[in-house]
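Here is the structure we will look at, set down as structure tokens.
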Amino acid sequence: MTTLTQTPTRATRASSAPRGTTGLAGSLRRVVSLVRAETTLLLRNRTALFNGVALAPAMVAFLHFSGALEAVVGDGAGASVVGAFALTSLICFALMFVVYYNLASAYVARREELVLKRLRTGQCSDAEILIGAATPAVVTMLGQLVLGGAAIALWIGLDAPANVVLLLVAVLGGTFVFAALAAASTAFTRTLESVQLSTLPIMALALLLSGTTLPLALLPERLQTLAAFTPLHPVGELLTIGLTGLGPDGVAVGFGETFALAAQPLAILLAWCVIGAWLAARYMRWEPRR
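All residue numbers for the sequence shown refer to the UniProt record's numbering, where the first residue is 1 and numbers rise by one.
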């Protein structure tokens, strides 16, 4: 008599799992375990650690000492406006290097080591795996935001934010978008060594068209319009409005009016959240190409 064996589905495994491993509490325990493992791997990887901790602040320091920050903002800007732009640049650089690049590297490395495949055959859901891998990078970026904001306030000058809500939306929305794009980038990244090349076009275009590395007024009008719809540009706009509360004419507006100024970048950032989620779900590669 032939015995038929069938690989248990995720639902079957979940139903037969020990009590306490399902539900919200079980999900949190699995995510915490993944975060602990990813943090250990990050601390052992000197290159990833340098990219996550030092690269973004170093870029902002270079722009400040070279006079690029003042050139982009304008010679007549006050110290607080320059400080706000420096913090905006720091956050944008951190989103690219700490979140996008480091996460793309982590996803590809775990995929090639078959870690993602093994995790998916267990109790972890896809969302838990992605959140567990992303959390150390997000915490590192938030730490840079706090420490960088304090350093910029003492070093250059920084007033109290005009709208904290817009700052939180910009940081959280930008983090979600570039974490999702990092997952989608695994579709065209075959090896860990090729991450630098595969992520370079997105990083270069996003930074150049964000308004944090060069004045967009120098670009042709059509390119300026296109830049407004790139994923990093609305993050920079929301950060600038939230930090300074200045309108297009350079005049400060009230708290309620900042939301009106932020309507377009908010809509664009929301659209990128939807696009990023779809790209990650559609193109994330969980197993190596054979």
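Even glycine gets a Cβ: it sits at the ideal position worked out from N, Cα and C.
Could you tell me which of the options sits nearest to residue i, measuring between CA atoms?
i    : options                : result
L158 : P234, I268, L87        : L87
L24  : A37, Q123, F85         : Q123
P161 : T212, G78, T240        : T240
L28  : S125, I156, A61        : S125
V99  : E221, R282, A182       : A182
V108 : A94, R190, L147, L167  : R190
G83  : A179, G276, P265, W155 : W155
A131 : S33, V253, T244        : The question names Ala, but residue 131 in the sequence shown is Ile. The residue with the shortest Cα to Cα distance from I131 is S33.
A179 : L167, I202, L166       : I202
L266 : E237, R120, T40, S185  : E237
R282 : M59, T186, A153, F62   : T186
A271 : W286, H233, F259       : H233
I129 : T47, V274, E38         : E38
A153 : V81, F259, G254, A106  : V81
F62  : V274, F93, E113, G143  : F93
V139 : R46, R118, L95, E221   : L95
F188 : R46, A58, T47, R111    : R111
A151 : V164, N163, V60        : V60
V164 : T258, F50, R44, R222   : T258
A204 : F97, A58, R44          : F97
A149 : P57, Q224, E221        : Reading off the sequence shown, one finds Gly at residue 149, where the question assumed Ala. Looking at the Cα atoms, P57 is the closest of the given residues.
What separation, rounded to the nearest whole angstrom, lies between the Cα atoms of residue i and residue j?
i    : j    : result
M284 : A137 : 18 Å
G256 : R289 : 51 Å
I91  : M141 : 8 Å
S15  : V31  : Note on S15: pLDDT 45, under 50, position unreliable in the model; the coordinate value appears next. Computed Cα separation, rounded: 19 Å.
S89  : A127 : 29 Å
L192 : A134 : 17 Å
L279 : T213 : 27 Å
L42  : P215 : 35 Å
Q264 : V235 : 11 Å
G78  : F85  : 11 Å
L219 : P248 : 18 Å
V177 : A277 : 8 Å
Q6   : R120 : Because Q6 carries a pLDDT of 40, less than 50, the predicted location of this residue cannot be relied on, and the following value inherits that uncertainty. Their backbone Cα atoms lie some 17 Å apart in a straight line.
C273 : F65  : 34 Å
G211 : L197 : 23 Å
A217 : G26  : 52 Å
A184 : R118 : 20 Å
T175 : L168 : 10 Å
I275 : R46  : 32 Å
A260 : G143 : 30 Å
R44  : F50  : 11 Å
Q224 : L114 : 43 Å
R222 : A170 : 25 Å
V253 : T244 : 9 Å
With respect to the alpha helix (DSSP H) encompassing residue i, which residues constitute its N-terminal and C-terminal limits?
i    : result
V274 : 263-283
E38  : 23-44
E237 : 233-244
R222 : 221-227
I202 : 195-208
Can you round the beta-carbon distance between residue i and residue j to whole angstroms, since I take them to be within the 8 Å contact cut?
i    : j    : result
L103 : G173 : Wrong, their Cβ atoms sit about 16 Å apart, outside the cutoff.
T230 : A206 : 6 Å
L209 : A227 : 4 Å
G242 : L166 : 3 Å
W286 : L116 : 5 Å
Y101 : T199 : 5 Å
S105 : V35  : Actually they do not touch by this definition, with Cβ atoms about 17 Å apart.
(request) Run through the stretch 89-152 for me and flag every whole alpha helix (DSSP H) of 4 or more residues, listed as ranges in chain order. (result) 102-112, 115-120
(request) Would you mind listing the beta strand (DSSP E) stretches within the stretch 161-187 that are 3+ residues and don't spill past its ends, in chain order? (result) none
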